[in-house]
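2 protein chains.
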Amino acid sequence: MVQPCPAKIGDTLDDVVTPALIVDLDAYERNLGTMAALVERAGLRLRPHAKTHKSPEIALAQMARGAVGACCQKLSEAEILAQGGVGDILIANQVVGAVKAVRAATLAQRVRLALCVDHPRNVEELSTAARTLEASIDVLVEIDVGNRRCGLPPGGSAVALAERVAAAPGLRFLGLQAYHGGAQHIRDFRERRAAVRQAAEQTLRTVEALEAAGLDCETVTGGGTGTLLHDIEAGALNELQAGSYVFMDADYGRNLAEDGTAETRFESALFVLATVMSHPNPQRAVLDAGLKALAMDSGPPLLKGVPGATYTRASDEHGVLDLERENLLAHGQRVLLIPGHCDPTVNLYDWYVGVRRGRVEQVWPVAARGALA
Amino acid sequence: MVQPCPAKIGDTLDDVVTPALIVDLDAYERNLGTMAALVERAGLRLRPHAKTHKSPEIALAQMARGAVGACCQKLSEAEILAQGGVGDILIANQVVGAVKAVRAATLAQRVRLALCVDHPRNVEELSTAARTLEASIDVLVEIDVGNRRCGLPPGGSAVALAERVAAAPGLRFLGLQAYHGGAQHIRDFRERRAAVRQAAEQTLRTVEALEAAGLDCETVTGGGTGTLLHDIEAGALNELQAGSYVFMDADYGRNLAEDGTAETRFESALFVLATVMSHPNPQRAVLDAGLKALAMDSGPPLLKGVPGATYTRASDEHGVLDLERENLLAHGQRVLLIPGHCDPTVNLYDWYVGVRRGRVEQVWPVAARGALA
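Protein chains in written order, with our numbering: chain A, 701 to 1073; chain B, 701 to 1073.
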């Protein structure tokens, strides 16, 4: 069920079997460096989200540039990161059910593992498993600072759950998770900053309430690529989870900076290489990359370097391009697409093809591809 | 990179690791039987589309009930079907480029292989590969009967390409592919029928033009689950490619029958099993199945058997449910989701978990998961 690698070292883009997931290694490395410098200057810890890349190789490259570890969304991702050598992992999410609690405790026997809770029943499950296996799991209480997804309201109920965690054998209260996913995609600079500031106030208020109850927050974690500067400025978080910066979605590129221009701090480093498989008339070309090759939830991909060609319609295995002029593309020609949303696009592939100056330099497995559980 | 199987034989649904892809074996088998009977009564050949299920086991089950073979969209899917014992395969799509042409010819050495063309350059590539490998590839000319994707216009240009195919060493002209994907999802019965009739007229006209040029169409293929009765009635096709019937998307269930009621010929047989991982307030529950567990291009999934609960918002790893009343769901509870679009949902999983009367009876690999190339 693992697909063969679509390229070999030294190939040109014309040799790669399409569709394929391409990493522009120069842009990727610049993104790693830009983020490392930003976070270091801010005096914060970076724990990049591996749900973007699902690759121990990339997590280790981020740690080599100063990241304190990785975070991920799923237990199965954490297990694969650990297999790949990542020793400090935060599952920035709930791990629910007795069976998964045992797996988490097993993992905590060999790596430093933290995870989030928002329900007393889950605290009990995790404590039982950790105690049974003589493991120690670090636990963050998740609060809902505007995301309207998981997490308790800021303030009192979070304190009550934190007290349960602190009292639970096998668990160690580590602090708070306060992630505002909705703020990541607010286009306007001031609106986005306002949402982050409001989330930060709620977070700081909860930290104070915890301190008043005798519970110190060693870690206050959250943030993302879309709100990076606001997260730093707002000052509530001491650990940032930004992950998308490594590749940069087309969608995040639509966020605006303070002067109203597009944010350009990070570069598009991830592409899908596709082939023009049909070109039935001068106004239409069809690519071999559709819904099974590109996540469309943040809109269709952009074409790199083909002005006048627009990806307008996807079916399972086809992408229809509208062409403004004749002779924009030829039958059999390859094009690079910038995915609207990198994370679920990466999850469709088994291999990264790393390219520099037109040649394949590295191939990496998408080791946690399909790690849903 | 292959995920561990989320279940073992004899498990109950409460034992299965979530998210997981569940097949209701009774409903699935009824769907197989209903389609076999329908197509037999119509005197047509059925070649179910394996892009839906990506499983040689399921393709062979369809053939055991009378299907003449399988069709698929990608060369890599065809290779995997062949490995799994399917000996008669149509790639209902273009296979473009010299490297893939060689792979196709290699495959044609061991199974009966047909594929589609809509460009003379592609005919040359395939002929060169087939001649070199002393293989024979069956070739259909694809015409565009309203789908506005691949394919030549009906009539003269299709005849010209068919003549090229017939003259090309290593290739055998097999007939026409005339698929109208857009018609599959027209809700209104009469509008849908009209679109299919128009497509059928164009197809029949092209068949006649080919005959006038001395080229017989052994196979005229197309159709789908959404237009099944119209395809049979319209009489242009002698081979049907319907695939979704095996599982039935929530989306196809929105097509209306002649009396204005929902089509109910086939049953939902595919589900995603998910867990309530967070339940922060009485109006909201959060599932562990989001964009990486469910294709959302045809809308969010429906919940099976939980009236008052609506899947309203997906992020990468979360699905947010709005709850109309208190106590609809409990923290840790499992729910079954009916995917809006089965094909790209299946492609996110490594395993099918086949369930009958509440117990896991079979597990099958999604063998062609990720077979994009």
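Every residue gets a Cβ at the ideal spot worked out from N, C-alpha and C, and that includes glycine.
Out of curiosity, what's the CA-to-CA distance linking residue i and residue j?
i	j	result
N1047(A)	V702(B)	12 angstroms
V1020(B)	G1005(B)	17 angstroms
R745(B)	A942(B)	11 angstroms
T964(B)	D949(B)	12 angstroms
E908(A)	L940(A)	20 angstroms
R849(B)	R1013(A)	9 angstroms
Q773(A)	A995(A)	18 angstroms
M735(A)	G914(A)	34 angstroms
G1074(A)	L1029(B)	In the structure as shown, chain A begins at 701 and stops at 1073. Residue 1074(A) is therefore absent and cannot be evaluated.
I722(B)	G1054(B)	6 angstroms
T828(B)	A759(A)	45 angstroms
D715(B)	T806(B)	43 angstroms
A878(B)	A899(B)	8 angstroms
V802(A)	A830(A)	7 angstroms
I want to verify the contact list: residues of chain A whose CB lies under 7 angstroms from the CB of residue i, in sequence order.
i	result
L931(B)	Residue identity differs from the one stated: residue 931(B) is Asp in this sequence, not Leu. Under the 7 angstroms cutoff, chain A gives no residues; its nearest Cβ is about 18 angstroms from D931(B).
A1067(B)	M701
T718(B)	A1073
D997(B)	L991, M996
P1044(B)	L991, K992, D1016
V865(B)	Within 7 angstroms Cβ-Cβ: nothing; V865(B) doesn't reach chain A, min ~16 angstroms.
Does DSSP put residue i in a helix, a strand or coil?
i	result
G870(A)	coil
R741(A)	helix
C816(B)	strand
Q898(A)	helix
E1075(B)	Within the shown structure, residues of chain B are numbered from 701 to 1073, placing residue 1075(B) beyond reach of any answer.
A770(A)	strand
N731(B)	helix
P651(A)	Coverage of chain A is limited to positions 701 through 1073, which leaves residue 651(A) absent and any answer about it impossible.
Y1049(A)	coil
T752(A)	coil
N1027(B)	coil
A1068(A)	coil
V1035(B)	strand
P980(B)	strand
R1057(B)	coil
T961(A)	coil
R1013(B)	strand
G785(A)	coil
Q762(A)	helix
V702(B)	coil
Under 8 angstroms between beta-carbons, which chain B residues line up against residue i? List them in chain order, please.
i	result
S687(A)	This structure does not reach residue 687(A), given that chain A is present from 701 up to 1073, and the question cannot be answered.
D649(A)	Absent from the model: residue 649(A). The displayed extent of chain A is 701 to 1073, so no value can be given.
D844(A)	P980
K1004(A)	Those within 8 angstroms of K1004(A) in chain B number zero; the least Cβ separation is about 19 angstroms.
Pick out whichever of the options has its Cα sitting closest to the Cα of residue i.
i	options	result
L956(B)	E891(B), E901(B), L970(B), A995(B)	E891(B)
N1027(A)	A1009(A), L1072(A), R1013(A)	A1009(A)
I843(B)	T832(B), D711(B), Q794(B), A1068(B)	Q794(B)
P704(B)	V802(B), P1001(B), D1050(B), L781(B)	D1050(B)
I709(A)	A1067(A), R1057(A), A1073(A), V896(A)	R1057(A)
F966(A)	T975(A), S978(A), G953(A)	G953(A)
E1061(B)	D726(B), T718(B), P719(B), V717(B)	D726(B)
G990(A)	Q983(A), V976(A), V859(A), N981(A)	V976(A)
H749(A)	S944(A), V972(A), R803(A)	S944(A)
V799(A)	V811(A), S776(A), V839(A)	S776(A)
R903(A)	D959(A), G926(A), G846(A), P869(A)	Per the sequence shown, residue 903(A) should be read as Thr rather than Arg. Cα-wise, what sits closest to T903(A) is G846(A).
T815(B)	G769(B), I837(B), A720(B)	Before going on, a small fix: residue 815(B) reads as Leu here, not Thr. The option with the nearest alpha carbon to L815(B) is I837(B).
G743(B)	R1034(B), Q898(B), A936(B), P719(B)	A936(B)
V972(B)	E1024(B), Y1011(B), P980(B), T806(B)	Y1011(B)
D1022(A)	P1001(A), N731(A), G1040(A), Q762(A)	P1001(A)
Residues of chain B with a CB under 7 angstroms from the CB of residue i: which are they?
i	result
Y774(A)	Checking the sequence shown, residue 774(A) turns out to be Lys, not Tyr. The answer, in chain order, is E1017.
V839(A)	Those within 7 angstroms of V839(A) in chain B number zero; the least Cβ separation is about 15 angstroms.
L852(A)	P980
Mind pulling the chain C residues with CB within less than 9 angstroms of residue i?
i	result
Q794(A)	Among the chains of the structure shown, chain C does not appear; the protein chains present are A and B.
Listing by chain order, which chain A residues have their CB less than 8 angstroms from the CB of residue i?
i	result
H1031(B)	V796, H819, R821, N822
D724(B)	Within 8 angstroms Cβ-Cβ: nothing; D724(B) doesn't reach chain A, min ~20 angstroms.
L973(B)	By Cβ distance, chain A contributes nothing, its closest Cβ being about 11 angstroms from L973(B), past 8 angstroms.
Starting from residue i, find everything on chain A with Cβ-Cβ shorter than 9 angstroms and list it in chain order.
i	result
N955(B)	Those within 9 angstroms of N955(B) in chain A number zero; the least Cβ separation is about 17 angstroms.
D692(B)	One cannot answer for residue 692(B) here, as it falls past the ends of chain B, which runs 701 to 1073.
Is it the case that the CB of residue i approaches a heavy atom of the ligand FMN more closely than 7 angstroms?
i	result
D726(A)	The ligand FMN is absent from the structure shown, which contains no ligands of any kind.
Report back the beta-carbon spacing between residue i and residue j to the nearest angstrom; my notes put them in contact at under 8 angstroms.
i	j	result
G855(A)	T921(A)	Not a contact, Cβ separation roughly 18 angstroms.
Chain B partners of residue i, CB-CB under 9 angstroms?
i	result
K708(A)	Ordered by position in chain B, no residue passes the 9 angstroms Cβ test against K708(A), which lies about 12 angstroms from the chain.
N1047(A)	L991, K992, D1016, L1048
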